Amino acid sequence: MPNIQCLPSHVADLIAAGEVVERPASVVKELLENAIDAGATAIVVEMERGGLTYLRITDNGCGIAPQELPTAFLRHATSKLRTAQDLAAIGTLGFRGEALAAISAVSHVDIFSRQRESDVGAMLHLDGGVAGEVTETGCPEGTTICIRDLFYNTPARMKFMKKDSAEGAAVHGIVQHVALSHPQISFKLLRDGSEVLYTPGDGKLLSAVYAAMGREFALGLVDIKGCGGDVAVEGYVSRPLNGHGTRGKQVMFVNGRFVKSQLLTAALEEAYRNRLMKGKFPGCVLHVTLPPELVDVNVHPAKTVVKFVSDKPVFDAVYYTVRSALDAAEKPAAPEPPKENFYRTMTVQQYRETAAEEKKPVGSYGRGGTVQPSPARSFSTPPSPVRPVPAQGMSGAYAASPAAEKPAQRPVLSGEIHDVAPQTGEAFTVPGHTPDGRQVTYEITPPAREEQTAPAQETAAEKVTSVPEPVRQESAAEQTAMDLPEPEQQVLQSGPAPWRMVGEVLKTYIICEDEQENVWLIDKHAAHERIRFDALKADPQPLMAQSLLEPLAVSLAAEEYSAVLEHEDTLRHFGFDCEDFGDGTVLVREIPADIRSGDAAATLEELAKKLLEQRADPAGARDELLHTMACKSAIKAGMNTSPAELAALVEKVQAGEIAYCPHGRPVAVKLSKYEIEKMFKRA
Ligand code: ADP
Ligand code: MG
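Count along the sequence shown from 1, add 646, and you get the number used in the working numbering.
Following this line, the structure appears as structure tokens:
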């Protein structure tokens, strides 16, 4: 490191004079930054009584020359900044040259330091900023700085201190954040003699996340990496099923600096729309990197506030990176169904074209054009059960069509987004102890995509050719399956082994078993609702409507009544043809084709409510309305469902196509053999 010099006063004046020493945590932050700037690869922080009586930071960095020790404690003494221009493109973390001066002014300090090339170190003692003599001493390479009795001479400041536990927690938080932004450095924190944090410093962010945020958090993550224009985004976000009760597990960095930013939080959370349970928040360790000139440097560097020169590219980069990683994580190993899959579905548009060709009256239910009351609800993905005769002559649950599937509608960012294959499964190291108390690090290979429904990752080539085999079923289900003609796709190779469907319980949950000895419980309504929602959302066409023989009179509350009249066109798009009948009543002549007529009034009422709630957010309104349509048209818990239909749902879940219902509730729950054995005290 270059020699320490006093800043020219005009440069010093440029720098916002900030209170460096607010509390023990701010001292630790400054001292950690110094150690990092000194090139340390291992840093130990020790504190007692929340850091108020004792703080010691030891690093193995470059050290300070004996003759420079007193200089380091002078105001505006720094080795890191020479000119005003340096301010704009500051590379190191600290640049005010006042931390040591400010800290030593309000405490008793002992500093020991030995430079790498030096045989002997030096020490210096300061009381309230007044330095003693530099003396020679034996000490390890690097710097140890010990702060005692912080604020001993400023009782006013002392009064602001919270309880030791709160100050200690704040120090812990700082060490956590610094560790998460420097995975290549090993950090250790000892609180009143016990080790509370230790990161291995192996350069892997996941190792640091594991050590700093805990095992459970680390194993419930999806890795993300992407960029949009100049903005790069990298890190980990929680799987939607691992939502948290608060935003406390959102840790964000901009150019390595820990920040709190509503913009970044909004971008992150927007990416979880329709995936996360209400009241839950995603966790993350997010690193956003962008050219320094795009970050507003006038914000005080010690604060966690961040401002961007332009918000939109930052928002977009975070949003699209997180979203595409979540999309990919939802269906990582799901083989793309081949074009002629019997499970093919068609859009309303395609159906209309086919129907027109076949001169089949729109609104009739399949099978030769006769109108049937739809005994078996259809639940493959088309937006309506109104569809042509199933090509394989199978039950109404399967619709066959040669129609090409729509490409996934993924927004494209003006810059490029690089999806990086999730690296879950890659080994990372965690700290541990041997039985005799020695510290060691263990290498852990997390189970690849533990929560994912599909067991194996496949190569891109395999993805295009393989298909999940249909679900095996038992007893009655087997019988039904055997009655079905063999779909030709069954002969296709190399899909994951099908789950064995054991049966249905409580008329709600499907029980299955997979090859890895896991038991799955699938909520049939949630699963079907998700399928319906995705299909509806992907299709911009109006929903298929069916005319009622007799119009239905629906009485509504005053507000809902006027909402229905005001949004007649929107409602028509959703399959409802309504007409004002006066006095709070509307006449409904057409209802969505896949809604039971008994449910029509309730559905309309719910749509009206949502239109009222979402007045301010028309974009969100569509999703909300689709939720209702998906929910009302899905098979319901407590209803009888044919084994073939259940099997079709299982197949979708196994393929990883659906994981949460549109409200973010899980569609499937996995119980490993080990978990079951634990319940029975076998393990
Ligand atoms: P700044 O970090 O802004 O330069 P400080 O008051 O924090 O100001 O530190 C003053 C100087 O002391 C630094 O510029 C650096 O040269 C030296 N220094 C402080 N801490 C260490 C350390 N742990 N290892 C090596 N040098 C250090
Ligand atoms: Mg500093």
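Quick reminder that beta carbons are idealized off the backbone N, C-alpha and C, glycines included.
Source: prediction; values computed, not measured.
query, result
"Indicate whether S1217 and A1247 have their beta-carbon atoms separated by less than 8 Å.", "Note on residue identity: the sequence assigns Leu, not Ser, to residue 1217. Contact flag unset, no."
"Please classify F719: is it buried, with 16 or more other beta-carbons within 10 angstroms of its beta-carbon, or exposed?", "buried"
"So V905 and V960 are supposed to be a Cβ contact under 8 Å. How far apart are they, rounded?", "Not confirmed; about 11 Å, so no contact."
"Can you tell me where the alpha helix (DSSP H) with V1210 in it begins and where it stops?", "A1204 to E1212"
"Three or more C-beta pairs under 8 Å: does that hold for the segment 701-717 against the segment 784-792?", "yes"
"For C873, write down the residues that DSSP places opposite it in a beta bridge.", "A878"
"Given this structure, state the Cα-to-Cα distance separating G1042 from I1281, to the nearest angstrom.", "Interpretation of G1042 is limited by its pLDDT of 32, a score under 50 that renders its predicted location unreliable; no figure is taken from the coordinates."
"In three-state terms, what does DSSP make of E1161?", "coil"
"Roughly how many whole angstroms lie between the Cα atoms of L1152 and L698?", "59 Å"
"Measuring only from the beta carbon, is E694 closer than 7 Å to any heavy atom that is part of the ligand MG?", "no"
"Just the Cα atoms here: how many angstroms apart are V824 and H1219?", "52 Å"
"What alpha helix (DSSP H) runs, 4 residues minimum, are completely inside the segment 1236-1311?", "1246-1259, 1264-1279 and 1289-1300"
"Does the beta-carbon of D756, which I'm using as the reference point, lie nearer than 7 Å to any heavy atom of the ligand ADP?", "no"
"Could you check how far apart the C-beta atoms of G1310 and E976 are, in whole angstroms? I think they sit under 8 Å.", "Between E976 and G1310 the Cβ distance is about 13 Å, and since that is not below 8 Å, they are no contact."
"Roughly how many angstroms lie between the CA atoms of M1040 and G1284, to the nearest whole one?", "At M1040, the pLDDT of 33 sits below 50, so the modelled position is not reliable and the matter cannot be decided from this model."
"In or out: S672 buried (at least 16 other Cβ within 10 Å) or exposed?", "buried"
"Would you say T724 touches the ligand ADP, meaning its beta carbon is less than 7 Å from a heavy atom?", "yes"
"Would you report the Cα separation of T1258 and L1295, rounded to the nearest angstrom?", "According to the sequence as given, residue 1258 is Leu; it is not Thr. Going from the Cα of L1258 to the Cα of L1295 covers about 33 Å."
"For A1349 and P1144, what's the separation of their Cα atoms in angstroms?", "There is no way to answer for residue 1349, as the model of the chain reaches only from 647 to 1329."
"Please tell me whether L1271 and K1255 are closer than 8 Å, where the distance is taken between their beta carbons.", "no"
"Could you name the residues of the same chain whose beta carbon sits closer than 6 Å to that of S827, not counting the 5 residues immediately before and after it, in chain order?", "F899 and G902"
"Is A681 near the ligand MG, judged by its Cβ being under 7 Å from some heavy atom?", "no"
"Determine contact between the segment 906-920 and the segment 835-855, defined as no fewer than three beta-carbon pairs at a distance below 8 Å.", "no"
"Taking 8 Å as the threshold (C-beta atoms), are Y798 and S753 in contact?", "yes"
"Can you tell me whether DSSP reads H1064 as helix, strand or coil?", "Bear in mind that the predicted position of H1064 carries a pLDDT of just 35, short of 50, making it too unreliable to give a figure here."
"Thinking just about the alpha-carbon of each residue, which of G891, H933 and S764 is nearest to the one in V883?", "H933"
"Pick helix, strand or coil for D827, following the three-state DSSP scheme.", "Looking at the sequence itself, residue 827 is Ser, so the reference to Asp does not match. It is helical."
"Using the rule of at least 16 other Cβ atoms within 10 Å of the residue's Cβ for burial, across every protein chain shown, is G891 buried or exposed?", "exposed"
"How about the segment 763-777 and the segment 673-683: do they share at least three Cβ pairs that are nearer than 8 Å?", "no"
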